[in-house]
Amino acid sequence: MAISYDKIPNNVDLHTNRKVQKALEAWQPDFLDWWMEMGPEGFQQDDIYLRTAISVDSSGWAHYGYVKMPEYRWGIFLAPKQAGRKIGFGDNAEYEAWDQVPGEYRKELRRIIVTQCDTEPASVEQQRLLGKCAPSLYDLRNLFQVNVEEGRHLWAMVHLLHEYFGRDGRDEADEMLQRRSGNADSPRILEAFNKPVEDWLAFFCFAMFMDRDGKYQLGALAESGFDPLARATKFMLTEEAHHLFVGETGVGRAVARTAQVMQENPEADPRQLGIVPLDIIQKYINEWYSGSLDLFGGEDSSNAANYFGAGLKGRFQEMNPKRFTDHQALDGFYELDWVEDGQLRSHQIPMRRAMNLVLRDAYKEDCLRAVKRWNKSLEKAGLEERLYLPSQRFNRHIGVYAHQPFDPQGNFLSEREFDGQTSQWIPTTADLDYVKSLMVSVTKPGEFAGWIAPPAKGLNGQPLNFEYVKFVNA
Ligand SMILES: [Fe+2]
Ligand SMILES: [Fe+2]
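Residue 1 is where the sequence shown starts when you use our numbering, and the numbers rise one by one after that.
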């Protein structure tokens, strides 16, 4: 089946690249089948006010207009090449950045790309039913924007696999469309991408915490010595910023609405007021934030050390002198407490082996900033409650704290104390059911569900009552 290359905006010379053309000709119809089967359910024929990247410059990367999602122009873009770029860190520092995959790092690079790539279609699958209970047209459109762009990120990574990894790369690209989030036989690679996102507070937490992990992973890969990977991820980051905005402001709007209604009804039970109680919001934060920490991998990691040493994956903003001046990281240790012989003891991790932690610390700072913002609306409403991030030890499934009984403050409990209290920390079935009961579909332009405040302003200069989604059968 021939592909019209005009429909694939790109800056990778697709029209002259026979090799990638051939690979895409086989892959693209499967992608569309996957999108129809696993993409947003029920809205494929509607007109959505979406942005499309049609070039990498400031005038072209966010082109707005009404599009039906299956006709979205998923493009392939790399950030512009920097002439003479050198590898910035690790044992290969100061060598010229690689335009091809170095044979000795082929396995590692493939693993890095495949792991990142798999999360992109996974998140679309996890979110596929949310459109049916969107709190407004504005939010519905934002969900679809995130979904189509995750689709484009899949394209961007598949392009790397097709262009640089030969036969194995083509096989890996095919498998991206065969695995399914939550499927027992062929699940997505990372555990956190196998659970469905079933309500909008969960979606906002996902975009706030999981997409933000993505920002830091992509940021670390944007430093890579493998230049095409660095350039692909750099461009993905421009789109990712909107996903983070959707998540951070989404949680913030839920908090603001709760604060406002509680201020107006100080004596009432929040569960009777059609808002999400703060204790449930805190439980969502606990669950999604702790899940996102797992995505960074083990605290003490030989993989992380190898990736850094080889120049494949740096730290966040590795080349920003305000953050880092030593790009070797051969000296020094990262001090961390974890349990040994039943007690918390201090350990020293050699710096290169602690790179996951260093990246995670940058991420945590960013999350703390957002929580501070959310707390502003509680403060403004004269409420005493505050939201917080749980300790890095809480509810972990990977790394030195995995499956250990820590509370959200990081205290080491007995198993029995711990089991008795988890329902206070993590959403219970009753909590989830309550939140689901608030999820009503609001489709009138300018109107919002009662549990969430409207955003400060509309999108791309449009008013709040703009028709962000036009339903064909309305
Ligand atoms: Fe993405
Ligand atoms: Fe994203």
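Even glycine gets a Cβ: it sits at the ideal position worked out from N, Cα and C.
These numbers were taken from a predicted model, which means no experiment stands behind them.
Residue i classed as buried or exposed, judged by whether at least 16 other C-beta atoms fall within 10 angstroms
i, result
"MET262", "buried"
"VAL101", "buried"
"LEU368", "exposed"
"HIS243", "buried"
"PRO266", "exposed"
"GLN45", "exposed"
"ASP331", "exposed"
"PHE333", "exposed"
"LYS313", "buried"
"SER123", "buried"
"THR325", "exposed"
"PHE77", "buried"
"LEU130", "buried"
"GLU299", "buried"
"ASN142", "buried"
"ARG393", "buried"
"PRO29", "exposed"
"ASP57", "exposed"
"ARG323", "exposed"
"GLY169", "buried"
"TYR289", "buried"
"ARG315", "buried"
"LYS7", "exposed"
Chain-order list of residues whose beta-carbon lies under 8 angstroms from that of residue i (same chain, five-residue window excluded)
i, result
"GLY382", "GLN263"
"PRO277", "THR258, PRO270 and ARG271"
"GLU287", "CYS205, ASN395, ILE426 and PRO427"
"GLY309", "GLY90, ASP91 and ARG352"
"ASP213", "SER292, LEU295, PHE296 and TYR363"
"ASP118", "MET176, ARG179, ARG188, ILE189, LEU190 and PHE193"
"GLY42", "GLY131 and LYS132"
"LEU344", "ASP337, TRP338 and PHE412"
Residue i: first and last residue of the uninterrupted beta strand (DSSP E) it sits in
i, result
"VAL276", "First-last for VAL276: undefined, no H or E at that position."
"TYR64", "63-68"
"VAL339", "333-340"
"GLN421", "From DSSP, GLN421 is part of no beta strand (DSSP E) but of the alpha helix (DSSP H) over 415-425."
"LEU387", "Element bounds for LEU387: n/a, residue is neither H nor E."
CB contact check: residue i to chain B, cutoff 8 angstroms
i, result
"LYS436", "This model lacks chain B altogether, as it is built from one protein chain only."
Simplified DSSP state of residue i, which is helix, strand or coil
i, result
"GLN100", "coil"
"TYR5", "helix"
"LEU459", "coil"
"VAL442", "coil"
"LYS470", "strand"
"PHE394", "coil"
"PHE448", "coil"
Same chain, Cβ closer than 6 angstroms to residue i, five either side skipped, listed in chain order
i, result
"ASP94", "The question names Asp, yet the displayed sequence has Glu at residue 94. Hits under 6 angstroms: LYS86."
"GLU163", "VAL20"
"PRO445", "LEU137, ASN465 and GLU467"
"GLN145", "LEU50"
"VAL472", "GLN45 and ASP46"
"GLY60", "ILE54"
"TRP374", "GLY252, VAL255 and LEU387"
"GLU172", "VAL114 and LEU161"
"ALA230", "ALA222 and SER224"
Continuous alpha helix (DSSP H) stretch holding residue i: start and end
i, result
"GLN348", "Run containing GLN348: none in the alpha helix (DSSP H); it sits in the beta strand (DSSP E), 343-350."
"ALA354", "Segment: none, ALA354 is in no alpha helix (DSSP H) and carries neither H nor E."
"GLY166", "166-176"
"LYS215", "211-221"
"PHE203", "200-205"
Residues of its chain near residue i, where Cβ-Cβ distance is below 7 angstroms and the 5 sequence neighbours each way are ignored
i, result
"VAL339", "GLN404 and PHE412"
"ASN10", "GLY75, ILE76 and PHE77"
"VAL148", "LEU50, MET69 and TYR72"
"ARG253", "ILE452, ALA453 and PRO455"
"TYR388", "VAL371"
"ALA202", "TYR284"
"GLY225", "ILE87, ASN92, ALA97, TRP98, GLY311 and LEU312"
"SER186", "GLN178, ARG179 and ARG180"
"GLN317", "GLY219 and ARG323"
Taking the runs of the alpha helix (DSSP H) that are 4 residues or longer, which of them lie wholly in the segment 92-158? 106-126
Along the chain, which unbroken stretches of the beta strand (DSSP E) at least 3 residues long are found entirely within the segment 8-91? 47-52 and 63-68
What ranges does the alpha helix (DSSP H) occupy inside the segment 265-335, keeping only unbroken runs of at least 4 residues that lie completely in it? 278-294 and 302-310
What residue ranges within the segment 236-268 form continuous alpha helix (DSSP H) runs of no fewer than 4 residues, ordered along the chain? none
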